[in-house]
Amino acid sequence: MTDRATDVLDRPPSRPSPQRTLRDRAVVVAESAAFQRAIISLIIVNAVLLGVETYESVTDRWGFILTPVNRGIVGIFVVEIVLRIYAHRTAFFRSAWGWFDLLVVLVALVPASGNAAVLRVLRVLRVLRLLSTVRSMRRVIGALIAAIPGISSIAALLGILYYVGIVMSTNMFGDLAPEHFGNLGQSATSMFRIMIGDGGLGDIVEPIGRQEPAAWLFFLGFVVVATFVVLNLFIAVTVEALDRQKDQDDEQPGGAPPERSGPTEVTLRPDSTAPRFSSPPDREDQLLEAIRSLQRQVASLEHRLTRSTTTPDPSDDHGAPGPPS
């Protein structure tokens, strides 16, 4: 090993700056279970308050309490977003959920007077933060997004069957029931009611069936194919996507989704080869510590080998023949 390499290895690692230590603490706080539970509780409380404020009598009587509480909750949300941005830095803005939370909090800061008063209605969007805070809800949303290609194909199939049913019903039953199948618009409404079971079989199909019994075969076939087959495919695709999303979450270390977890890297302690997780340190110091740890292990192994080769075996002394007399 050259002198330059030896000097580099013997150089003591630089100490982490106070800013890095403070960021480590911010990551611990932002990702702690207690902090997440507190934010979820505040979101639920805020949702209840937003519903209570819709009653004018309650607002007139308790408005002096509700308004400061709402403002305090919004202030806590702002502090939470700032803490997460400081802890995760660019990783926060690479996350779709991070942008979602930031947008919801910014909407909550819109003034409730002047031309922007109409945006007060958007305050209820704060409740949607439960989607990004609760892990199970994030999993469902992720599964729905992943299932969009399959759902789109099934929706196209359903649309084709629906359109075929509309055209056929208009041609076959336009004269028997012009109020329901007189044109494509009326047929679309009637077939949609039949498909979702909104009293269509009793109000629409039954009068037609009295005049034309064979009509039951057409409508029952349409209901079976459109409702019991195609619509159940939506459920099957969604459940499959949800299972895949759960498997992906379980494969991640700690079970934490990547979009909500801060960047972590593995470093080595100077006195041990056991890894520990921390915020990204200086990569040069990390490599130096790993090399020093390997050097200590090699030196320890060489020392043991040297002792084993230089120490005489007592069994050899007892078994050796003595000097000749």
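In terms of the working numbering, the sequence shown opens at residue 49 and continues consecutively.
Built from N, CA and C at the ideal position, the CB exists for glycine as well.
Whole-angstrom distance between residue j and residue i, CA atom to CA atom
| i | j | result |
| --- | --- | --- |
| residue 336 | residue 346 | 15 Å |
| residue 140 | residue 242 | 48 Å |
| residue 352 | residue 343 | 14 Å |
| residue 78 | residue 133 | 10 Å |
| residue 290 | residue 195 | 8 Å |
| residue 298 | residue 235 | 48 Å |
| residue 244 | residue 206 | 13 Å |
| residue 267 | residue 197 | 29 Å |
| residue 151 | residue 84 | 19 Å |
| residue 355 | residue 334 | 32 Å |
| residue 123 | residue 80 | 20 Å |
| residue 260 | residue 227 | 16 Å |
| residue 233 | residue 280 | 26 Å |
| residue 103 | residue 204 | 44 Å |
| residue 189 | residue 231 | 39 Å |
Cβ distance (whole Å) where residue i is taken to contact residue j below 8 Å
| i | j | result |
| --- | --- | --- |
| residue 276 | residue 199 | That pair is no contact at about 18 Å. |
| residue 253 | residue 263 | 7 Å |
| residue 210 | residue 274 | 7 Å |
| residue 153 | residue 125 | 5 Å |
| residue 285 | residue 202 | 6 Å |
| residue 187 | residue 294 | 6 Å |
| residue 155 | residue 170 | 5 Å |
Secondary structure of residue i, DSSP reduced to three states
| i | result |
| --- | --- |
| residue 105 | helix |
| residue 158 | coil |
| residue 120 | helix |
| residue 355 | helix |
| residue 260 | coil |
| residue 80 | coil |
| residue 280 | helix |
| residue 99 | helix |
| residue 223 | coil |
| residue 94 | helix |
| residue 247 | coil |
| residue 142 | coil |
| residue 195 | coil |
| residue 171 | helix |
| residue 183 | helix |
| residue 269 | helix |
| residue 344 | helix |
| residue 230 | coil |
Close Cβ partners of residue i (< 6 Å) along its chain, the five nearest in sequence each way excluded
| i | result |
| --- | --- |
| residue 107 | 101 |
| residue 172 | 98 |
| residue 121 | 90 and 94 |
| residue 213 | 239 and 270 |
| residue 250 | none |
| residue 221 | 229 and 256 |
| residue 146 | 140 |
| residue 258 | none |
Burial state of residue i, where buried means 16 or more other Cβ atoms lie within 10 Å
| i | result |
| --- | --- |
| residue 149 | buried |
| residue 215 | exposed |
| residue 82 | exposed |
| residue 185 | exposed |
| residue 238 | buried |
| residue 348 | exposed |
| residue 218 | buried |
| residue 248 | buried |
| residue 109 | exposed |
| residue 278 | buried |
| residue 225 | buried |
| residue 73 | exposed |
| residue 71 | buried |
| residue 174 | buried |
| residue 119 | exposed |
Chain-order list of residues whose beta-carbon lies under 7 Å from that of residue i (same chain, five-residue window excluded)
| i | result |
| --- | --- |
| residue 87 | 128 and 181 |
| residue 117 | 97 |
| residue 208 | none |
Cβ of residue i within 8 Å of any chain B Cβ
| i | result |
| --- | --- |
| residue 139 | The chain labelled as chain B is not found in the depicted structure, where only one protein chain is given. |
Chain-order list of residues whose beta-carbon lies under 8 Å from that of residue i (same chain, five-residue window excluded)
| i | result |
| --- | --- |
| residue 292 | 191 and 194 |
| residue 115 | none |
Residue i CB to nearest heavy atom of the ligand MG below 7 Å
| i | result |
| --- | --- |
| residue 74 | The ligand MG is not part of the structure shown, which contains no ligands of any sort. |
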